Amino acid sequence: MNAKVEAKTFRLDGLKWLVVVLLVGAAVAGNSYYAEIPLLYRVLAIVALCLAAVFVAVQTEKGNSFWNLLREAQNEVRRVVWPTRQEATQTTLIVVVFVLLMAVILWALDSGLGWAASKIIG
Numbered sequence: 013m014n015a016k017v018e019a020k021t022f023r024l025d026g027l028k029w030l031v032v033v034l035l036v037g038a039a040v041a042g043n044s045y046y047a048e049i050p051l052l053y054r055v056l057a058i059v060a061l062c063l064a065a066v067f068v069a070v071q072t073e074k075g076n077s078f079w080n081l082l083r084e085a086q087n088e089v090r091r092v093v094w095p096t097r098q099e100a101t102q103t104t105l106i107v108v109v110f111v112l113l114m115a116v117i118l119w120a121l122d123s124g125l126g127w128a129a130s131k132i133i134g
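Residue numbers for the sequence shown follow the numbering used here, beginning at 13 and rising by one.
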């Protein structure tokens, strides 16, 4: 069996990253240069330039691997068994009570040591 796996080739990655940097730079410089234009239009232009930069970045090897990582992470989040509302509430209350208990213990220890130090010092 000859199963050839075609690896996706990524050409001109350096040039693509340069385009990404130029697009983001254009967004920053354009926002500053066109300060008199209403904010809505500037935000729309920045979003469009950033989306174009993301599109170009995903075409690179590192960008594509990062995109695949995000997709795999999203699939993992879907597979997680999330606690019920009652379980989450009970756990939160236990944590809050424990934190308050530890705060009281540390306050008592601090006060006791402070009192002892003041008695020793005079």
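The beta carbon of each residue, even a glycine, is placed where N, CA and C say it ideally should be.
Here the structure is a predicted model, which is why all the values come from computation and not from measurement.
Check residue i in the structure and name its three-state DSSP category.
i            : result
glutamate 73 : helix
leucine 24   : coil
tyrosine 46  : coil
glycine 126  : helix
glycine 134  : coil
Whole angstroms is fine: what's the gap from residue i's alpha carbon to residue j's?
i                 : j                : result
alanine 85        : alanine 69       : 19 angstroms
leucine 52        : alanine 60       : 12 angstroms
lysine 131        : glycine 124      : 11 angstroms
threonine 104     : valine 93        : 18 angstroms
isoleucine 58     : glutamine 71     : 20 angstroms
alanine 47        : glycine 37       : 15 angstroms
arginine 90       : glutamine 102    : 23 angstroms
methionine 114    : isoleucine 106   : 12 angstroms
phenylalanine 78  : leucine 27       : 18 angstroms
glycine 42        : proline 50       : 13 angstroms
arginine 83       : phenylalanine 22 : 20 angstroms
asparagine 76     : proline 95       : 33 angstroms
isoleucine 133    : alanine 120      : 20 angstroms
phenylalanine 110 : isoleucine 117   : 11 angstroms
arginine 97       : arginine 54      : 42 angstroms
alanine 128       : leucine 112      : 24 angstroms
asparagine 87     : glutamate 99     : 24 angstroms
Give the C-beta separation of residue i and residue j to the nearest angstrom, bearing in mind that I take them to be a contact with Cβ-Cβ under 8 angstroms.
i            : j            : result
aspartate 25 : glutamate 73 : 6 angstroms
Validate contact between the stretch 53-70 and the stretch 26-45 using beta carbons, cut 8 angstroms, 3 pairs: yes
query: Taking only runs of the alpha helix (DSSP H) that begin and end inside the stretch 58-106, which ones reach a length of at least 4 residues, in chain order?
result: 73-91
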